[in-house]
Amino acid sequence: MQQYRDRAIRDIQINMYRVLEDLNLEGMAYAAGAGLNTTKKCLDGTRTEILKDITDWITTCDVNAPRILWLQGQAGRGKSAIAHTIASWIEDVGAPGACFCFARDRQAERREERVLTTIARDLADRDQAFRRALSNVVSNNHALKTTCDVVQQWKRFILEPLSKINGEIVGNVVVIIDALDESGPEKSRKDILSLLKSSEAAHLPANFRILLTSRPLPDIARAMRDVPHVKAISLDDIRQELVEHDIRLYVSKELDGLPTIEATEIQNVVKKSGGLFEWARLACEFIRPGRAGETWKERYEDLMALESEEGRTLLDTTYFAILKEGIPQSGKGLERYRSVMRQVVMTLEPLPMAVLNSMREKFPNKQDHYDIVLILEFMSPVLGGIVDHVSAVRPLHASFYDFLMDRSRSGVYFVDTSDGKDLASATLQILCDNLQFNICELESSYLANAEVLDLSKKIEDKIPHHLSYSSRFWTQHLRKTAFDLGLAGLVRAIVGSEKMMFWLEVLSLLGMVGKGVDALGRVATWLQGQGGFKDVLALVEDGIKLIQNFGSVIVHSTPHLYASALPFIPSNALLSMMILPKFPRLARVAVGGLKGWPVEQQLLQGHVSTVNSVAFSPDGK
Numbered sequence: 051m052q053q054y055r056d057r058a059i060r061d062i063q064i065n066m067y068r069v070l071e072d073l074n075l076e077g078m079a080y081a082a083g084a085g086l087n088t089t090k091k092c093l094d095g096t097r098t099e100i101l102k103d104i105t106d107w108i109t110t111c112d113v114n115a116p117r118i119l120w121l122q123g124q125a126g127r128g129k130s131a132i133a134h135t136i137a138s139w140i141e142d143v144g145a146p147g148a149c150f151c152f153a154r155d156r157q158a159e160r161r162e163e164r165v166l167t168t169i170a171r172d173l174a175d176r177d178q179a180f181r182r183a184l185s186n187v188v189s190n191n192h193a194l195k196t197t198c199d200v201v202q203q204w205k206r207f208i209l210e211p212l213s214k215i216n217g218e219i220v221g222n223v224v225v226i227i228d229a230l231d232e233s234g235p236e237k238s239r240k241d242i243l244s245l246l247k248s249s250e251a252a253h254l255p256a257n258f259r260i261l262l263t264s265r266p267l268p269d270i271a272r273a274m275r276d277v278p279h280v281k282a283i284s285l286d287d288i289r290q291e292l293v294e295h296d297i298r299l300y301v302s303k304e305l306d307g308l309p310t311i312e313a314t315e316i317q318n319v320v321k322k323s324g325g326l327f328e329w330a331r332l333a334c335e336f337i338r339p340g341r342a343g344e345t346w347k348e349r350y351e352d353l354m355a356l357e358s359e360e361g362r363t364l365l366d367t368t369y370f371a372i373l374k375e376g377i378p379q380s381g382k383g384l385e386r387y388r389s390v391m392r393q394v395v396m397t398l399e400p401l402p403m404a405v406l407n408s409m410r411e412k413f414p415n416k417q418d419h420y421d422i423v424l425i426l427e428f429m430s431p432v433l434g435g436i437v438d439h440v441s442a443v444r445p446l447h448a449s450f451y452d453f454l455m456d457r458s459r460s461g462v463y464f465v466d467t468s469d470g471k472d473l474a475s476a477t478l479q480i481l482c483d484n485l486q487f488n489i490c491e492l493e494s495s496y497l498a499n500a501e502v503l504d505l506s507k508k509i510e511d512k513i514p515h516h517l518s519y520s521s522r523f524w525t526q527h528l529r530k531t532a533f534d535l536g537l538a539g540l541v542r543a544i545v546g547s548e549k550m551m552f553w554l555e556v557l558s559l560l561g562m563v564g565k566g567v568d569a570l571g572r573v574a575t576w577l578q579g580q581g582g583f584k585d586v587l588a589l590v591e592d593g594i595k596l597i598q599n600f601g602s603v604i605v606h607s608t609p610h611l612y613a614s615a616l617p618f619i620p621s622n623a624l625l626s627m628m629i630l631p632k633f634p635r636l637a638r639v640a641v642g643g644l645k646g647w648p649v650e651q652q653l654l655q656g657h658v659s660t661v662n663s664v665a666f667s668p669d670g671k
């Protein structure tokens with residue numbers, strides 16, 4: 051009996067430790083949707099040699115093995131397919147690891163700021179020793195959990211836990227960072243590259259591996275080449291016969307159902323691909339019957355007739371041919387294509403067609419109020435989310451957006467992204483029409499957001515996708531638009547009314563109050579120097595100070611925006627004079643209230659040692 055009691059006590063203690071670790075890790079910044087996607091894996095039987103090279107590097111017992119493998123190659127070579135295949139293999143064998151993927155259509159999320167927090171969280175889920183060490187690092191340090199400082203993330207979330215569990219992890223740990231070239235401009239990955247080439251990376255534990263994939267962009271090449279602890283493999287240098295063998299397997303599988311197709315025709319497609327898997331995929335999409343009145347054989351012959359044109363690669367020529375199949379090169383069809391694709395390309399995260407249509411209904415010109423399926427139904431070879439109408443619309447390969455936004459390559463199908471007025475207007479109008487008090491019908495200010503049992507369901511029901519998107523990104527679209535009185539009027543309708551509080555409500559519910567300061571800062575920049583908006587600028591400034599002073603309260607419990615933040619706004623602040631009369635039942639500070647905003651602008655947290663110097667920016671940016 052004592053034996054059973056001892057075991058029960060031990061199990062309870064283990065569960066308690068696990069719960070405590072969960073609480074400590076709760077709130078760490080995490081990039082959802084950046085992990086493994088098994089649909090992107092290599093076709094079985096392909097890329098066997100390169101996959102063997104990588105798995106041999108991962109599993110070797112050589113303590114001097116390079117800690118980092120940089121897999122690079124031009125667009126369309128299949129780098130991401132290899133990365134996801136390795137990630138899937140790691141998961142299947144149960145090894146500790148993490149997979150983090152950058153994506154061009156997710157750059158607005160600033161994934162680079164969460165790359166190492168996400169990797170650390172994933173490693174903690176796969177290895178108990180690492181989980182325990184990471185939990186100890188972040189316990190009682192909320193600011194550290196959400197830091198955007200990649201260098202600090204590297205030291206505290208990767209190096210420190212690894213140093214504490216040296217030798218405890220059985221087998222090799224594999225971290226995959228896919229498509230680093232799609233992080234954004236060079237500055238977005240500067241710190242990441244600096245860390246990867248550092249001596250600290252060179253001295254990672256002998257069983258730690260980092261697989262990095264990217265195109266050989268100049269900044270990445272400068273950082274990764276000739277670094278002793280980095281092994282570089284170029285897919286552009288793989289023997290042609292091996293690449294052709296793999297593409298032949300892929301094309302044979304994709305075109306297997308076509309009647310009377312012969313081996314010579316498959317071989318011709320393989321030869322024409324030039325070793326680009328993406329071209330082979332497009333070729334199969336092109337050949338398969340998709341338009342009335344044509345046989346697959348006729349489409350195959352059209353494909354074989356394509357040649358690279360001056361200023362265009364064969365991949366570009368194929369993209370052009372696919373667009374030409376469904377999109378006219380003049381008239382209303384072309385105009386609508388340009389409008390729809392400008393919307394798709396300029397949204398700051400991929401959106402499903404229903405959400406894109408909801409936003410299009412708010413475009414300022416009524417002639418733009420049509421169902422985007424009129425255009426997108428012809429673009430399934432190059433865009434995902436078209437057939438099922440549920441998934442987000444996004445390019446099946448990043449090179450397609452590169453093609454669209456380069457006039458010399460796409461010609462009449464060029465998509466001009468210099469003017470964001472339509473999306474700025476739509477997001478502002480959506481906020482004006484949909485923001486409301488207590489949007490999720492929270493019943494009590496006694497509960498923190500985390501304690502509202504069905505909060506996620508309430509958010510899903512009450513904050514539709516187009517409102518969520520607009521709340522998060524309206525100021526970014528505004529920033530990309532020249533000053534316009536009509537847009538300024540919509541800005542005034544939000545900032546100059548109680549709707550600004552309703553917007554902060556939504557940010558609180560979405561866990562994004564911290565982004566409000568940057569958002570309002572963009573509004574101030576956009577309005578700067580424009581006559582007649584002094585009051586709006588003052589309200590923007592008050593909004594920034596409200597978030598800086600009461601942000602932690604608003605994050606903790608949305609109702610306390612009204613119960614605890616608004617009553618304590620300085621009485622001489624324009625925001626106080628505008629908002630408080632509209633909420634007569636709020637508590638009031640009778641004596642000793644603030645006359646002006648505190649001199650202290652912000653409490654800086656997260657540093658772990660003595661602060662020896664502080665620098666201030668004169669313009670506050």
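Okay, so the sequence shown: first residue is 51 according to this note's numbering, each after it adds one.
Beta carbons are placed, not taken as given, at the ideal position from N, Cα and C, and that holds for glycine.
For clarity, every value in this text was computed on a predicted model and none was experimentally measured.
Asked, Found
"Please look up how many angstroms separate the CB atoms of V603 and V573, rounded, as I've assumed it's under 8 Å.", "Not quite, the Cβ-Cβ distance comes to about 23 Å (not below 8 Å), so this is no contact."
"Put S189 into one of helix, strand or coil per three-state DSSP.", "coil"
"Could you check the C-alpha separation between D103 and V143 for me, to the nearest Å?", "17 Å"
"What residue range does the beta strand (DSSP E) around V685 cover?", "Because the chain here runs from 51 to 671, residue 685 falls outside it and cannot be looked at."
"Give the DSSP-derived three-state secondary structure of R444 in the structure shown.", "strand"
"Can T525 be considered in contact with the ligand FMN, in the sense that its beta carbon sits closer than 7 Å to one or more heavy atoms?", "The ligand content of the structure shown is nil, which means the ligand FMN is not present either."
"Apply the 10 Å Cβ neighbour rule to E315 and answer buried if 16 or more other Cβ atoms are within range, or exposed otherwise.", "buried"
"Quick one: using the 10 Å Cβ neighbour count with 16 as the cut-off for buried, is K129 buried or exposed?", "buried"
"In whole angstroms, give me the CA-to-CA distance for V502 and L398.", "30 Å"
"On the three-state DSSP scale, how would you describe A282?", "strand"
"Who are the near neighbours of V586 in its chain, counting only those whose CB is closer than 7 Å to its CB and skipping five residues on each side?", "V541, R542, V545, G546, L577"
"CA-CA distance, I208 and D175?", "14 Å"
"Run through DSSP, which three-state label would Q526 get?", "helix"
"From S663 to V224, what distance separates their C-alpha atoms?", "38 Å"
"Determine, using beta carbons only, whether L245 and I270 come nearer to each other than 8 Å.", "no"
"Mind checking who F150 pairs with in its DSSP beta bridge?", "I227"
"T660: buried (16+ other C-beta within 10 angstroms of its C-beta) or exposed?", "exposed"
"Runs of 3 residues minimum, wholly inside the stretch 90 to 164: which ones carry the beta strand (DSSP E) assignment?", "118 to 122, 147 to 151"
"Around the Cβ of A355, are there at least 16 other Cβ atoms within 10 angstroms (buried) or fewer (exposed)?", "exposed"
"Given that a residue counts as buried once 16 or more other Cβ atoms are within 10 Å of its Cβ, and exposed if not, what is G95?", "exposed"
"Would you mind sorting L194 into buried or exposed? The rule is 16 or more other CB atoms within 10 Å of its CB.", "buried"
"With 16 other CB atoms within 10 Å as the buried threshold, where does G435 fall?", "buried"
"Among S358, V443, I372, which has the Cα closest to the Cα of M391?", "V443"
"Along the chain, where does the alpha helix (DSSP H) that runs through L299 open and close?", "290 to 304"
"Check whether the stretch 443 to 458 and the stretch 469 to 484 are in contact - that is, three or more C-beta pairs closer than 8 Å.", "no"
"Taking the beta carbon of G123 as the centre, do at least 16 other beta carbons fall within 10 Å, making it buried, or is it exposed?", "buried"
"Is I604 helix, strand or coil by DSSP?", "helix"
"Please report the straight-line C-alpha distance between T525 and F633, rounded to a whole angstrom.", "27 Å"
"Check whether the Cβ atoms of L406 and I425 lie closer than 8 Å to each other.", "no"
"Could you check if H527 is buried or exposed, using at least 16 other CB atoms within 10 Å of its CB as the buried criterion?", "buried"
"Going by DSSP, what residue range makes up the beta strand (DSSP E) through T263?", "258 to 264"
"Buried or exposed for V437, going by 16 or more other Cβ atoms inside 10 Å?", "exposed"
"Got a sec? Which residues, its chain only, sit under 6 Å from A613 by beta carbon, not counting five neighbours each side?", "S495"
"Taking Cβ positions, are L75 and V188 nearer each other than 8 Å?", "yes"
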